[in-house]
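Student: Got a structure here, written out as structure tokens. Questions coming.
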Amino acid sequence: MSVSIIPCPKCGELLLSDTAQCPKCHHVLGRAGADPVDSGMHVETASSDGGSDEIPCPDCGEMVRKELVRCWQCGAFMRQEIAERYLQMQENPAPVIYSLPPDQGAEEQLLDRMMGDDSQAGTVDEDDFVLSESVAQAAQQAAETATPASPSTPPAQSDTAPGAAAPAAAGAAGGTADAEPSGGQSAGPAPAADATSGEASPRNVEDDDVPHSVKTGGDVLLNIALQEEQELQQRRKTMRKRGGRRRPFVPPNGFVIFCPNGHQIVVQERHRGMTGRCPRCKALFIVPRATWTDKPKPSEKAAEKTEPQPEGGRFDRWLRDVRLHIVDPTKLKLKEGALEKAFEPVDIGFAKDEMLLLRLAKPGLFGVPEKKRVEVREKVLQLLAEQVPVGDLPVEEAQAIDAEGVRTMAVVLPTPYPHESMFAGIPVFGKARIVVRIPSPNPEDATQLRFLSFTLSEFRRFARLLAARFGMDDFGVEMGVPLQDEFEELTCHYTDQKLQVLQHVDLYQADPAYELEAIGYRCGTCGLVVSEDGRKKEKIGGPAGKGLAKAKCPKCQGKFGVHPLYGPPKVTEAGEDIEGDPGEQVGTPRGDEASDAGSDGNASAETPRGGAAASAEDSEAAS
Numbered sequence: 002m003s004v005s006i007i008p009c010p011k012c013g014e015l016l017l018s019d020t021a022q023c024p025k026c027h028h029v030l031g032r033a034g035a036d037p038v039d040s041g042m043h044v045e046t047a048s049s050d051g052g053s054d055e056i057p058c059p060d061c062g063e064m065v066r067k068e069l070v071r072c073w074q075c076g077a078f079m080r081q082e083i084a085e086r087y088l089q090m091q092e093n094p095a096p097v098i099y100s101l102p103p104d105q106g107a108e109e110q111l112l113d114r115m116m117g118d119d120s121q122a123g124t125v126d127e128d129d130f131v132l133s134e135s136v137a138q139a140a141q142q143a144a145e146t147a148t149p150a151s152p153s154t155p156p157a158q159s160d161t162a163p164g165a166a167a168p169a170a171a172g173a174a175g176g177t178a179d180a181e182p183s184g185g186q187s188a189g190p191a192p193a194a195d196a197t198s199g200e201a202s203p204r205n206v207e208d209d210d211v212p213h214s215v216k217t218g219g220d221v222l223l224n225i226a227l228q229e230e231q232e233l234q235q236r237r238k239t240m241r242k243r244g245g246r247r248r249p250f251v252p253p254n255g256f257v258i259f260c261p262n263g264h265q266i267v268v269q270e271r272h273r274g275m276t277g278r279c280p281r282c283k284a285l286f287i288v289p290r291a292t293w294t295d296k297p298k299p300s301e302k303a304a305e306k307t308e309p310q311p312e313g314g315r316f317d318r319w320l321r322d323v324r325l326h327i328v329d330p331t332k333l334k335l336k337e338g339a340l341e342k343a344f345e346p347v348d349i350g351f352a353k354d355e356m357l358l359l360r361l362a363k364p365g366l367f368g369v370p371e372k373k374r375v376e377v378r379e380k381v382l383q384l385l386a387e388q389v390p391v392g393d394l395p396v397e398e399a400q401a402i403d404a405e406g407v408r409t410m411a412v413v414l415p416t417p418y419p420h421e422s423m424f425a426g427i428p429v430f431g432k433a434r435i436v437v438r439i440p441s442p443n444p445e446d447a448t449q450l451r452f453l454s455f456t457l458s459e460f461r462r463f464a465r466l467l468a469a470r471f472g473m474d475d476f477g478v479e480m481g482v483p484l485q486d487e488f489e490e491l492t493c494h495y496t497d498q499k500l501q502v503l504q505h506v507d508l509y510q511a512d513p514a515y516e517l518e519a520i521g522y523r524c525g526t527c528g529l530v531v532s533e534d535g536r537k538k539e540k541i542g543g544p545a546g547k548g549l550a551k552a553k554c555p556k557c558q559g560k561f562g563v564h565p566l567y568g569p570p571k572v573t574e575a576g577e578d579i580e581g582d583p584g585e586q587v588g589t590p591r592g593d594e595a596s597d598a599g600s601d602g603n604a605s606a607e608t609p610r611g612g613a614a615a616s617a618e619d620s621e622a623a624s
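As structure tokens, then:
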């Protein structure tokens with residue numbers, strides 16, 4: 002049997018849980034379980050004392066002390082007259098009494114002090130300041146000289162109220178001059194002096210009795226208000242000069258546009274005709290194209306620095322950090338991702354009739370430092386501008402491929418015929434990477450096969466440059482590589498909504514330059530197409546679609562599964578430059594090339610996403 006300890010609700014005494022009545026205050030814990038013998042003993046003890054200090058509550062019957070107004074248990078009044086009085090007070094509440102503020106009641110307090118006795122008049126200025134003894138003595142001597150005492154003047158008695166001269170003298174001396182006679186008699190001043198002092202005494206008392214802080218309080222508040230108003234006006238002028246808000250930093254070749262929600266966005270000339278997302282509200286915005294009247298200056302990615310980079314000679318288009326894989330077929334393992342990390346970054350330069358591959362430096366234990374690669378690039382561009390032969394460039398390896406060699410390049414992955422591929426269709430270079438076979442510098446060495454691997458956005462830039470410089474249109478299309486976004490139109494089973502479903506989703510998912518968003522789902526059993534709105538309406542997989550893997554198809558009652566359908570891809574910040582420019586242009590055009598280069602820069606900046614584009618100069622070379 003378990004026994005717990007509980008406190009008494011009346012006196013707080015600790016009791017056992019089976020206690021029926023508190024032994025200290027005689028409070029009955031449970032009326033149903035109370036022992037009648039104990040209750041009787043309590044009544045007899047109370048009656049034997051000759052008078053109990055507790056009385057029963059008229060409402061609930063609980064024993065309550067006599068001095069209490071209300072019952073501690075039910076809250077009822079112990080006396081009927083108190084209850085009636087309480088109801089009357091509730092019906093007729095006391096009126097609200099308003100008091101004057103300190104500044105409004107200062108005059109009334111001053112009048113009360115003036116009508117008071119001598120002691121009150123002497124203590125008026127105690128809270129303000131006290132004159133020094135020399136000043137008080139000089140004031141007293143001046144008063145005695147002005148009103149000499151006359152023996153023929155009858156004495157003036159001041160039993161209850163002081164004369165007119167006494168308060169004036171007391172106020173002038175700061176409360177230090179008293180009446181000379183001890184019997185309450187003082188020398189009476191001249192009648193003219195009485196009249197003068199009587200007229201001046203109220204004004205002097207009023208000026209002396211008011212504290213200095215009260216007299217100057219209004220001036221201080223006025224000065225504070227004027228100072229705040231002046232600061233506010235100065236701040237408004239400053240804001241008006243600055244344009245009312247903080248302006249963002251705008252680079253020399255940039256300008257400011259606004260998103261649909263009104264947020265300021267700084268873009269550059271190379272972004273014209275492109276779309277992006279606002280970094281604050283994630284809303285889509287479009288950078289306006291250049292007008293015919295205001296043609297922008299050519300703004301290349303390499304020209305964004307304060308100092309222009311050196312020209313690259315005839316190699317004016319470059320692809321940076323492309324993966325180069327050197328494969329030995331005798332050691333090849335047909336496994337997904339077997340050669341994904343076995344690559345070296347190279348820079349590819351494009352001329353009108355030649356393509357150049359540069360391995361900038363030999364990688365060490367931790368690769369090639371970025372600072373060293375930048376220095377080598379600048380040096381190479383300077384030498385190429387000086388028409389230095391390719392073999393004399395200060396790089397680890399330089400491979401020049403002529404136009405005939407470029408036209409022998411081919412896409413090996415992906416392939417529509419895996420049995421004809423040396424890799425059997427297995428993505429050994431990484432998932433969803435596009436692989437291009439290039440000529441080897443030593444064709445007789447069959448153990449040094451060379452391949453370039455790209456993401457989808459990088460390959461589209463590579464294909465645009467091949468089409469512009471070497472006339473290789475639709476490079477890789479026959480192998481299933483989409484140079485443009487391809488869609489399939491499907492219809493939702495519930496809402497009849499037309500869905501533009503993106504094809505080749507695996508290539509977009511493996512590319513960090515693109516971002517995909519699901520617009521619908523397909524049943525893995527029967528192929529039922531449901532849009533996102535239809536899924537929410539039919540509650541397939543829950544409100545957020547987290548239960549699609551185990552959800553049942555409403556049509557076939559089979560397992561629905563997670564098979565999303567994606568809409569048009571969105572270009573991220575990582576792919577902004579890749580999608581907008583078919584290749585990085587270096588150098589500043591000079592002479593007759595300025596107009597062609599300017600049109601070239603505009604064409605690259607205004608190229609739609611996924612489309613093949615060529616500049617004016619490249620089109621002439623291709624034709």
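When you read off a place in the sequence shown, starting at 1, and then add 1, the result is the number in my numbering. Using N, Cα and C, we set each Cβ at its ideal position, and we do this for glycine too.
How long is the line joining the alpha carbons of THR331 and VAL347, rounded to whole angstroms?
Tutor: Walking along the sequence shown from the start, residue 331 turns up at place 330. Walking along the sequence shown from the start, residue 347 turns up at place 346. The straight-line gap from Cα to Cα measures roughly 24 Å.
Student: Measure the C-alpha to C-alpha separation of ALA167 and ASP220 and round it to an integer number of angstroms.
Tutor: Here residue 167 refers to the residue found at position 166 of the sequence shown. Here residue 220 refers to the residue found at position 219 of the sequence shown. At ALA167, the pLDDT of 40 sits below 50, so the modelled position is not reliable and the matter cannot be decided from this model.
Student: Quick one: complete beta strand (DSSP E) runs, 3+ long, within the region 515-583?
Tutor: 519-523, 530-532, 565-567
Student: How long is the line joining the alpha carbons of PRO24 and ILE98, rounded to whole angstroms?
Tutor: Locating residue 24 in the sequence shown gives position 23, where the first residue counts as 1. Locating residue 98 in the sequence shown gives position 97, where the first residue counts as 1. Whole-angstrom Cα-Cα distance: 51 Å.
Student: Take the Cβ of LEU359 as the centre, count every other Cβ of all protein chains shown within 10 Å, and call the residue buried at 16 or more, exposed below.
Tutor: Taking the first residue of the sequence shown as 1, we reach residue 359 at position 358. Result: buried.
Student: Measure the beta-carbon distance from MET356 to VAL407 and round it to whole angstroms, keeping in mind my assumption that it falls under 8 Å.
Tutor: Position 355 of the sequence shown holds residue 356. Position 406 of the sequence shown holds residue 407. 5 Å between Cβ atoms; contact.
Student: Tell me which residues share the same chain as VAL351 and place their Cβ nearer than 6 Å to its Cβ, disregarding the 5 neighbours each side in the sequence.
Tutor: Working through the sequence shown from its first residue, we reach residue 351 at position 350. In the sequence under discussion, the amino acid at residue 351 is Phe, which differs from the Val named in the question. Correct list, in chain order: ARG318, LEU466, ARG470.
Student: Within 8 Å, do at least three Cβ pairs link the region 452-462 to the region 500-519?
Tutor: Between the region 500-519 and the region 452-462 there are three or more inter-stretch CB-CB distances shorter than 8 Å, so the stretches are counted as touching.
Student: What separation, rounded to the nearest whole angstrom, lies between the Cα atoms of ALA21 and LEU88?
Tutor: For the purposes of this step, residue 21 is taken as the residue at position 20 of the sequence shown. For the purposes of this step, residue 88 is taken as the residue at position 87 of the sequence shown. Taking C-alpha positions only, ALA21 is separated from LEU88 by approximately 37 Å.
Student: I need the DSSP call for GLY350, collapsed to helix, strand or coil.
Tutor: Sequence index remark: in the sequence shown, residue 350 carries index 349 (1-based). Residue state, collapsed to three classes: strand.
Student: When DSSP labels each residue in this structure, what does ALA468 get in the three-state scheme?
Tutor: For the purposes of this step, residue 468 is taken as residue 467 along the sequence shown, with counting starting at 1. Of the three classes helix, strand and coil, the one that applies to ALA468 here is helix, per DSSP.
Student: Suppose the cutoff is 8 Å on Cβ atoms and the five residues either side in sequence are ignored; what does the same chain contact list for GLY255 look like?
Tutor: By 1-based counting over the sequence shown, the position of residue 255 is 254. Contacts found: VAL267, VAL268, GLN269, GLU270.
Student: With DSSP run on the structure shown, which of helix, strand or coil describes ILE266?
Tutor: If you number the sequence shown from 1, residue 266 lands on position 265. ILE266: strand per DSSP, three-state reduction.
Student: Do the region 489-502 and the region 472-481 touch if we need at least three Cβ pairs shorter than 8 Å?
Tutor: no
Student: Is the CB of THR573 under 8 Å away from at least one CB in chain D?
Tutor: Here there is only one protein chain, and chain D is not present.
Student: By the 10 Å Cβ neighbour count, where 16 or more other Cβ atoms means buried, how is GLN231 classified, buried or exposed?
Tutor: The residue you call residue 231 lines up with position 230 of the sequence shown. Exposed, by the Cβ-count rule.
Student: Our contact map puts LYS353 next to ARG315 with C-beta atoms below 8 Å; I'd like the distance itself, whole angstroms only.
Tutor: Within the sequence shown, numbered from 1, the residue matching residue 353 stands at position 352. Within the sequence shown, numbered from 1, the residue matching residue 315 stands at position 314. About 7 Å separates the two Cβ atoms, so the contact holds.
Student: CB GLY521 to CB GLY431, shorter than 8 Å?
Tutor: For the purposes of this step, residue 521 is identified with residue 520 of the sequence shown, where counting begins at 1. For the purposes of this step, residue 431 is identified with residue 430 of the sequence shown, where counting begins at 1. In this structure, GLY431 does not lie closer than 8 Å to GLY521 by Cβ.
Student: So for SER441, helix, strand or coil by DSSP?
Tutor: The count along the sequence shown starts at 1 and reaches residue 441 at position 440. Of the three classes helix, strand and coil, the one that applies to SER441 here is coil, per DSSP.
Student: What does ILE435 pair with, by DSSP beta-bridge criteria?
Tutor: As a first step, residue 435 is located in the sequence shown; it is residue number 434 there, counting from the start. ILE435 is bridged by DSSP to PHE455.
Student: Could you spell out where the alpha helix (DSSP H) holding VAL506 opens and where it closes?
Tutor: Here residue 506 is taken as the residue at index 505 of the sequence shown, counted from 1. Where VAL506 is concerned, the enclosing alpha helix (DSSP H) stretches over 506-510.
Student: Can you tell me the Cα-Cα spacing of ALA399 and VAL391, whole angstroms?
Tutor: Residue 399 sits at position 398 when you count from the first residue of the sequence shown. Residue 391 sits at position 390 when you count from the first residue of the sequence shown. Approximately 7 Å between the Cα atoms of the pair.
Student: Please return the same chain residues whose Cβ sits closer than 6 Å to the Cβ of ARG434, not counting the five positions on each side in sequence.
Tutor: Against the sequence shown, residue 434 aligns to sequence position 433. Closer than 6 Å at Cβ, skipping near neighbours: SER454.
Student: Using 8 Å as the threshold, is the region 438-452 in touch with the region 377-385, meaning 3 or more CB pairs across them?
Tutor: These segments do not touch.
Student: Could you pull out every residue in the same chain whose Cβ sits closer than 7 Å to the Cβ of PRO569, ignoring the five residues on either side in sequence?
Tutor: For the purposes of this step, residue 569 is identified with residue 568 of the sequence shown, where counting begins at 1. Once the five neighbours on either side are set aside, the close Cβ partners of PRO569 are ASP486, GLN501, LEU503.
Student: Among all the DSSP beta bridges, which residues are the ones paired with VAL323?
Tutor: To locate residue 323, count along the sequence shown from 1; it is residue 322. BP columns for VAL323 point to VAL347.
Student: Roughly how many angstroms lie between the CA atoms of ALA47 and PRO57, to the nearest whole one?
Tutor: Here residue 47 corresponds to residue number 46 of the sequence shown, with the count starting at 1. Here residue 57 corresponds to residue number 56 of the sequence shown, with the count starting at 1. Only weak support is given to the placement of ALA47: the predicted model assigns it a pLDDT of 40, under 50, and the question is left unresolved by the model.
Student: Around the Cβ of SER532, are there at least 16 other Cβ atoms within 10 angstroms (buried) or fewer (exposed)?
Tutor: Stepping through the sequence shown from its first residue, residue 532 is reached at position 531. Buried is the call here.
Student: Please determine, among ILE327, ALA447, ALA552, PRO440, the residue with the shortest C-alpha to C-alpha distance to ARG523.
Tutor: Locating residue 523 in the sequence shown gives position 522, counting from the first residue. ALA552 is the residue among ILE327, ALA447, ALA552, PRO440 whose C-alpha sits nearest the C-alpha of ARG523.
Student: Assuming GLU85 is part of the alpha helix (DSSP H), what are its boundary residues?
Tutor: Taking the sequence shown and counting its residues from 1, one reaches residue 85 at position 84. Here the alpha helix (DSSP H) through GLU85 covers 81-92.
Student: Could you say which of LEU335, MET410, PRO261, GLY277 lies nearest to GLY426 if we only look at CA atoms?
Tutor: By 1-based counting over the sequence shown, the position of residue 426 is 425. With distances taken between Cα atoms, GLY426 lies closest to LEU335.
Student: Closest by CA to GLY535, which one among LEU414, GLU516, GLU518, PRO555?
Tutor: On the sequence shown, residue 535 is found 534 positions in, with the first residue counted as 1. Here the closest residue by C-alpha is PRO555.
Student: Please report the residue range of the alpha helix (DSSP H) in which LYS499 lies.
Tutor: Residue 499 sits at position 498 when you count from the first residue of the sequence shown. It is not in any alpha helix (DSSP H) - LYS499 instead sits in the beta strand (DSSP E) that spans 499-503.
Student: Can you check which of these residues, VAL323, VAL563, PRO442, is closest to ASP403 by C-alpha distance?
Tutor: In the sequence shown, counting from the first residue as 1, residue 403 sits at position 402. Answer by Cα proximity: PRO442.
Student: If I follow the unbroken beta strand (DSSP E) through GLY277, where does it start and stop?
Tutor: Your numbering for residue 277 matches position 276 in the sequence shown. Here the beta strand (DSSP E) through GLY277 covers 276-278.
Student: Would GLY528 and LYS560 qualify as a contact pair, given that the criterion is a beta-carbon distance under 8 Å?
Tutor: Within the sequence shown, the letter at position 527 stands for residue 528. Within the sequence shown, the letter at position 559 stands for residue 560. No; because the gap between Cβ atoms is not below 8 Å, this pair is not in contact.
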